[in-house]
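A short worksheet on the structure shown next.
Residue numbers (this note's numbering): 16 to 320.
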């Protein structure tokens with residue numbers, strides 16, 4: 016199973032817009048707050064292993080004494096505990112965080128995933144994704160005026176009284192596909208990727224496309240391969256920074272590869288034996304183990320076992 020499949024949070028979407036609801040949740044002693052900055056989470060290090068630094072309300076106000084409710088993003092409730100996130104905005108706040116006693120550092124979410132229970136991984140996923148949206152949507156895309164957060168952080172309103180456009184969290188849809196031809200799998204790599212890293216074909220959905228059309232187009236644009244038998248596999252929210260990865264499998268009509276748009280540095284067909292041998296010899300690296308791309312590859316590798 017890939018990351019973020021478990022969704023334990025009750026987001027209380029029908030109640031979080033009410034200030035009194037948020038005020039009640041803030042006062043609960045079980046409520047926890049997660050400091051984030053860009054794609055990183057504040058973590059405490061214990062026995063050389065990082066874990067999210069969940070703060071109680073007293074600790075929150077100790078490091079950000081002037082924080083207002085509008086700066087807190089309500090993530091939801093899980094197991095009778097409410098979760099909020101907030102952005103570490105200043106160096107002084109980071110210094111005060113260090114003074115709480117635990118050894119503290121900023122850690123990118125993807126580096127944490129292998130050590131997180133599924134429920135915590137999902138909560139952190141929501142925190143990083145929604146914080147990225149706030150960080151990149153400070154101004155209205157219609158008139159350019161500043162925006163401000165409402166609805167417990169899930170809406171940003173334009174401050175221009177003549178505009179008043181509401182903005183909602185952005186998610187970019189992307190398709191990712193394991194394409195096979197007989198007993199071989201198509202893998203490619205971009206020049207900017209780490210050396211020896213290969214993955215399945217992926218790309219963003221364009222306006223006016225169905226998901227199946229996007230898979231077909233991306234496969235042809237990147238590799239010159241025409242496909243059929245496109246089948247949905249599963250989806251994964253991927254907050255790096257704001258994607259929803261929609262997985263498919265498909266079959267190639269032929270095996271002739273043509274790198275037409277030069278997005279890929281290399282693409283080729285691999286048998287299962289080749290992939291296993293190359294990975295064992297560290298001549299090839301596969302994607303992050305908790306990603307849907309790796310799951311698609313592993314599912315193909317293990318098909319005949």
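Backbone N, C-alpha and C define an ideal beta-carbon position, used for all residues, glycine too. Here the structure is a predicted model, which is why all the values come from computation and not from measurement.
Query                                                                                                                                 : Result
Cβ contact check for the stretch 125 to 135 and the stretch 71 to 80: 3 or more pairs under 8 Å                                       : no
Proximity to residue 23 [Cα-Cα], best of 212, 170, 90 and 161                                                                         : 90
Reduced DSSP category for residue 150 - H, G, I as helix; E, B as strand; rest coil                                                   : helix
Contacts around residue 87, its chain only, beta-carbon distance under 8 Å, and the 5 residues preceding and following it disregarded : 37, 41, 48, 99, 100, 101, 167 and 168
Pair within 8 Å by beta-carbon distance, residue 182 and residue 171                                                                  : yes
Boundaries (first-last residue) of the alpha helix (DSSP H) holding residue 56                                                        : First-last for residue 56: 55 to 61, but that is the beta strand (DSSP E), not the alpha helix (DSSP H).
Alpha helix (DSSP H) segment containing residue 231, residue limits                                                                   : 226 to 238
Own chain, CB closer than 6 Å to residue 113, minus 5 neighbours either side, in chain order                                          : 119
Alpha-carbon spacing of residue 256 relative to residue 139, whole angstroms                                                          : 13 Å
8 Å Cβ cutoff met for residue 124 and residue 56                                                                                      : yes
Separation of residue 185 from residue 151, as counted between CA atoms                                                               : 10 Å
Residue closest to residue 143, alpha-carbon to alpha-carbon, out of 244, 163 and 103                                                 : 103
Beta-carbon proximity list for residue 153, same chain, < 8 Å, skipping 5 on both sides                                               : 161 and 162
Neighbour-count burial assignment, residue 81, 16 or more Cβ in a 10 Å radius                                                         : exposed
Close beta carbons around residue 243, own chain, < 8 Å, minus the five adjacent residues each side                                   : 265, 266 and 268
Counterpart residues of residue 91 in DSSP-defined beta bridges                                                                       : 98
Validate contact between the stretch 272 to 288 and the stretch 200 to 214 using beta carbons, cut 8 Å, 3 pairs                       : yes
Whole-angstrom C-beta distance between residue 249 and residue 191, which should lie under 8 Å                                        : Not really, about 10 Å apart at Cβ, beyond 8 Å.
C-alpha gap between residue 67 and residue 254, whole angstroms                                                                       : 16 Å
Residues near residue 300 by beta carbon distance below 6 Å, same chain, minus five either side                                       : 211 and 212
Selection from 106, 75 and 84 that minimises the alpha carbon distance to residue 32                                                  : 84
Closest by C-alpha distance to residue 188, when choosing among 215, 226 and 177                                                      : 226
Exposed unless 16 or more other CB atoms sit within 10 angstroms - verdict on residue 322                                             : Given that the chain is displayed from residue 16 to residue 320, the structure contains no residue 322 and the question cannot be resolved.
From 177, 54, 214 and 291, residue whose alpha carbon lies closest to that of residue 148                                             : 54
Whole-angstrom distance between residue 30 and residue 295, CA atom to CA atom                                                        : 52 Å
Alpha carbon of residue 318 to alpha carbon of residue 306, nearest angstrom                                                          : 18 Å
Alpha-carbon spacing of residue 178 relative to residue 235, whole angstroms                                                          : 42 Å
Cβ-based burial, residue 97 [other Cβ within 10 Å; buried from 16]                                                                    : buried
Within 8 Å, strictly: CB atoms of residue 136 and residue 19                                                                          : yes
Buried or exposed (CB count within 10 angstroms, at least 16 for buried), residue 146                                                 : buried
Integer Cβ distance of residue 25 from residue 92, believed to fall under 8 Å                                                         : 5 Å
Start-end ranges of the beta strand (DSSP E) lying completely within the stretch 118 to 181, minimum 3 residues                       : 119 to 123, 162 to 165 and 170 to 173
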